[in-house]
Amino acid sequence: MSAAARHLSPLPPVERVRPGLWSVPVPIPSSSLRYVFVYVFETDAGPYIVDAGWNTDDAFAALSDGLSQAGTSVSDVQGVLVTHIHPDHYGLAGRVREASGAWVALHPADAALIPDRYDDPTDLLVRVSGYLRRMGAPAEEIEGLTNASMPVRPYVDAVRPDVLFDDGDHPRVPGWDLTALWTPGHSPGHLCFWEPSNRLMLSGDHVLPRITPNIPFHPQAGSNPLGDFLESLDRVATFDADEVLPAHEHRFVGLAGRVDELKAHHESRFAEVITAIEDGITTAWDIAARMRWSRQWDRIDGFMRRAAVGEAMSHLRALEVRGVIHEVVGEPSRFEIVDPA
Ligand SMILES: [Zn+2]
Ligand SMILES: [Zn+2]
């Protein structure tokens, strides 16, 4: 589908996924993802939702409308289980809490990022520009790339969570036996939720049916986000899911097979990176410019460009942890193949 056609095509319908469980697509402004799925668990006490959407009037209206199609309302929501702090998942949680008194839950590793990311990002932006210099971004691009994520801030109501879910916790959702699974990588505190009676994996952005989630190296991402992500993929693949309920695209069958595809994708990325270094390309920026993307490098700009170089760098970091390459730290850092001898 072309970008234009995608933009015009309608959102998927509100659907009853299983008895007592609904999916509600909530629109995301100016994003090729177009919508995030909010999953709604019915209970005797009222609905509990997984993820919320961006903080816009359109999103709030779509969520409210979807909840009424599911026979309930936004003012009855009891809990908001947020998979991670990206704006399309967490941005609207505060407004839902305001309308309903629901609790909002996050993993502690994502909750910890809120002040620096959303309240006062001054210090974080300084660290981002330092990272960009380390990755070899050209001087004239540093300022623009440093500020590339600022336009999304209005779409986030930076509320503090009322509840924290650690790995293995069972969220209080009456009549359902959910388990929170900590799956760091796409975000340091990303959570999936396992629903055992229907054998459903609510996968957030961790496992999507077609696109590979961005795993960026970033000051808030930990030292080896791609290594974390690959371990988190192995973790979810141990669950024998009948169906996967992701936050974007569409529901799908075949969790273990999709995990294998994602792992194979990153292995081929590792090979690309190693070949580039062997060819004498040694900074993260130059390696990113040579990697294959869905469009030409010179047509990738702004936040997408920063995400791409962050993605190249996360591969470099994972290869360094594996002992394959070595970073000669500097501005920019240069990468070299570790001599096996
Ligand atoms: Zn995300
Ligand atoms: Zn998302």
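Residues in the sequence shown are numbered from 18 upward in steps of one, following the working numbering.
A virtual CB, placed ideally from N, CA and C, is assigned to each residue, including glycine.
| Query | Result |
| --- | --- |
| Look at the Cβ atom of residue 196, then the Cβ atom of residue 183, and state whether they are nearer than 9 Å. | no |
| Is it buried or exposed, residue 62, if we count other Cβ atoms within 10 angstroms and call 16 or more buried? | exposed |
| If you drop the 5 nearest sequence neighbours on each side, which residues of the same chain put their C-beta closer than 7 Å to that of residue 135? | 170, 173 and 175 |
| What residue range is occupied by the uninterrupted alpha helix (DSSP H) comprising residue 242? | 242–254 |
| Are the region 246–258 and the region 195–209 in contact at 8 Å, needing three or more beta carbon pairs? | yes |
| Going by the C-beta, is residue 93 closer than 8 Å to any heavy atom of ligand 1? | no |
| Could you name the residues of the same chain whose beta carbon sits closer than 8 Å to that of residue 18, not counting the 5 residues immediately before and after it, in chain order? | Summary for residue 18: the model assigns pLDDT 47, below 50, so the residue's position carries little reliability; its value from the coordinates is reported in the next sentence. For residue 18, where only same-chain residues beyond five positions count, the Cβ hits under 8 Å are 26. |
| What first and last residue would you give for the beta strand (DSSP E) that runs through residue 354? | 351–354 |
| Compute the distance between the beta-carbons of residue 87 and residue 59, then report whether it is under 9 Å. | yes |
| Which runs of the alpha helix (DSSP H) at least 4 residues long sit entirely within the region 72–105? Give them in chain order. | 74–86 |
| Suppose you measure from the CA of residue 181 to the CA of residue 236; what does that come to, to the nearest Å? | 22 Å |
| May I ask which residues mark the beginning and end of the alpha helix (DSSP H) holding residue 152? | 139–152 |
| Shorter than 8 Å, the distance from the beta carbon of residue 50 to the closest heavy atom of ligand 2, or not? | yes |
| For my contact list, residue 165 and residue 319 are in at a C-beta cut-off of 8 Å; report their separation, rounded to the angstrom. | 5 Å |
| Any idea if residue 354 is buried or exposed, counting beta-carbon neighbours within 10 angstroms, 16 or more meaning buried? | exposed |
| Within the present structure, is the beta-carbon of residue 53 separated from the nearest heavy atom of ligand 2 by less than 8 Å? | yes |
| How far does the alpha helix (DSSP H) with residue 117 in it reach, from first residue to last? | 110–117 |
| Going by C-alpha distance, which of 145, 92 and 273 is nearest residue 324? | 145 |
| For residue 30, count neighbouring C-beta atoms within 10 Å of its own C-beta (all shown protein chains included) and say buried if the count is 16 or more, exposed if not. | exposed |
| In terms of residues, what are the limits of the beta strand (DSSP E) holding residue 221? | 217–221 |
| If you reduce the DSSP assignment to three classes, tell me which class residue 343 lands in. | strand |
| List the endpoints of the continuous alpha helix (DSSP H) containing residue 293. | 272–295 |
| Hey, how far is the Cα of residue 82 from the Cα of residue 40? | 12 Å |
| Helix, strand or coil for residue 62 per DSSP? | coil |
| Buried or exposed, going by whether 16 or more other CB atoms sit within 10 Å of the CB of residue 281? | exposed |
| Count the other C-beta atoms from every protein chain shown that fall within 10 angstroms of the C-beta of residue 273, then say buried if there are 16 or more, exposed otherwise. | exposed |
| Taking the alpha carbon of residue 16 as the reference point, which residue from 77, 212 and 48 has its own alpha carbon closest? | Limits of the chain in this structure are 18 at one end and 358 at the other, which puts residue 16 out of reach. |
| Is residue 18 helix, strand or coil when you go by DSSP? | Residue placement at residue 18 is flagged as unreliable, the pLDDT there being 47, under the threshold of 50; the coordinate-derived value follows with that caveat. In the structure shown, residue 18 sits in coil (DSSP, three-state: anything other than H, G, I, E or B). |
| So, helix, strand or coil for residue 182, using DSSP? | coil |
| Kindly examine ligand 1 and report whether one of its heavy atoms sits closer than 8 Å to the Cβ of residue 230. | yes |
| Measuring only from the beta carbon, is residue 183 closer than 8 Å to any heavy atom that is part of ligand 1? | no |
| Report the CB separation of residue 89 from residue 222 in whole angstroms; it is logged as a contact under 8 Å. | Not confirmed; about 25 Å, so no contact. |
| Helix, strand or coil: how does DSSP classify residue 269 here? | strand |
| State the beta-bridge partners of residue 40 as determined by DSSP. | 32 and 56 |
| Does DSSP classify residue 263 as helix, strand or coil? | strand |
| Just how far apart, CA to CA, sit residue 154 and residue 116? | 44 Å |
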